[in-house]
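Have a look at the structure below before the remarks.
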Amino acid sequence: MTETTLRSISPLPPFSTDLLTPDQVAATLGLSHRTLAAWRSSRRNPLPYVKVGSRVRYRPKDVSTWLESRTHRAAATARNEK
Numbered sequence: 003m004t005e006t007t008l009r010s011i012s013p014l015p016p017f018s019t020d021l022l023t024p025d026q027v028a029a030t031l032g033l034s035h036r037t038l039a040a041w042r043s044s045r046r047n048p049l050p051y052v053k054v055g056s057r058v059r060y061r062p063k064d065v066s067t068w069l070e071s072r073t074h075r076a077a078a079t080a081r082n083e084k
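Residue numbers for the sequence shown follow the working numbering, so the first one is 3 and each next one is one higher.
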């Protein structure tokens with residue numbers, strides 16, 4: 003590539019957060035990295051992930067959103083039991 007070509011390429015926008023490894027997410031959730039791998043392959047839980055080559059990474063925001071979607075409220079549970 004020439005210097006002119008390099009200058010014309012736009013830089014990637016900065017990422018607001020770093021990507022997490024499966025080991026980091028597993029430790030946070032109290033699971034093993036093998037459980038996360040099983041979830042990915044079976045699509046049992048829709049925890050979003052990013053695939054970069056052969057590497058799997060998770061966005062912290064996606065993990066937080068997924069956790070929030072799995073949260074059950076005590077009042078809602080009590081109403082459903084009646």
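Virtual Cβ for every residue (Gly too), placed ideally from N, Cα, C.
Query - Contacting residues, own chain, Cβ-Cβ under 7 angstroms from N47 (five flanking each side not counted) - result: W41
Query raised in the report: Which of the three DSSP states, helix, strand or coil, is assigned to L22?
Result: strand
Query raised in the report: Nearest to L35 by CA position, among V58, S71, K53, is which residue?
Result: The sequence given here has His at residue 35, not Leu. Cα-wise, what sits closest to H35 is V58.
Query raised in the report: Along the chain, where does the alpha helix (DSSP H) that runs through R75 open and close?
Result: Taken as a continuous stretch (DSSP letters only), R75 belongs to no alpha helix (DSSP H), as it is neither H nor E.
Query - Close beta carbons around L38, own chain, < 6 angstroms, minus the five adjacent residues each side - result: P24, A28
Requested in this report: Could you tell me if S69 is buried or exposed, where buried requires 16 or more neighbouring beta carbons within 10 angstroms of its beta carbon?
Outcome: Before going further, note that residue 69 is Leu rather than Ser in the sequence given. That one is exposed.
Report task. Between the Cα of T67 and those of S56, G32, Y51, A76, spot the shortest distance and give me the residue it belongs to. Result -> Y51
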